[in-house]
Every structure is written in structure tokens, then in C-alpha cells.
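Comments concern the structure below.
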Amino acid sequence: MAMTSIALAILALFFLLSSAHCFSPADSFKGLVVVGEKTRLGSTPPSCHNKCNECHPCMAVQVPTLPSHNRVPPQERPVDYEAGPSSAGNRYSNYKPLGWKCRCGGHFYNP
């Protein structure tokens, strides 16, 4: 009888340890983190409810943002900033950031 209970205890311990090895909580949380990161990428459209001055349908659209002036004054620029045709200013000349606006008809409104 004592031998059977010891054998059952060893068998139960074996199954508990082997199932714990197969199911690693770190692995299961990795999938959740990846899903969470994917949902955070990019931006979501704003709510345009009551944003278009009684115009309907008021819909969120992405529009290019206006280019801003250089935030670094010319005297504070690094020396290698204007070093040849592949300078940092030319490297990102095609970059056009997008922002969200609410549109109705031919008019744009801030969300």
C-alpha cells in the first residue's frame, strides 16, 4: 500500500513537472505582447462626430501635414549636416508625414 502511494506520488510529480515544462508562461505571454504591439502600430482615426459644423457625412481622412521650418538654427547645425549630396536634409526629402482631419464636402475640420 505504501509502495503504491509512493509510485502514485512520483507519477503525479512527473506529470506535473512535464506539463509545466511544456507550458511555459513566458512563451504564452510572448504571443500576447506581439499582438499588443501590432495593435499599437500606426494611428487610429479620430472620432469626427459633431466636428464638421452640421455637415454630413463627416469622415476622418489622412492628409499630409504642412512642412515646418527647421527647428535647429543654421549656426547650431552639426558640421556634417551639409556634407555633400547625401546629406541628412536630402536623405528624407520624400518623407511626408500624415495627420488626421475630419472632411465633409470639400472642407477640412480639426478633430
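Numbering (mature numbering (1 follows the signal peptide of the UniProt record, and there is no 0)), first residue to last: -22 to -1, 1 to 89. For each residue, glycine too, the CB sits at the ideal point set by N, CA and C. Fair warning: this is a prediction, and the values are worked out from it, not measured in the lab.
Asked	Found
Relative to the C-alpha of Y87, which candidate in I(-13), E32, Y73 has its C-alpha closest?	E32
Given C83, which residues of its chain have a CB within under 7 Å of its CB, disregarding the five upstream and five downstream residues?	Before going on, a small fix: residue 83 reads as Gly here, not Cys. C33.
On the DSSP letters alone, give me the boundaries of the beta strand (DSSP E) that H85 sits inside.	85 to 87
Could you spell out where the beta strand (DSSP E) holding P42 opens and where it closes?	37 to 42
Taking the straight line between their C-alpha atoms, what separation do you get for C36 and L(-6)?	59 Å
Inspect the beta-carbon positions of W78 and P42 and report whether they are closer than 7 Å.	no
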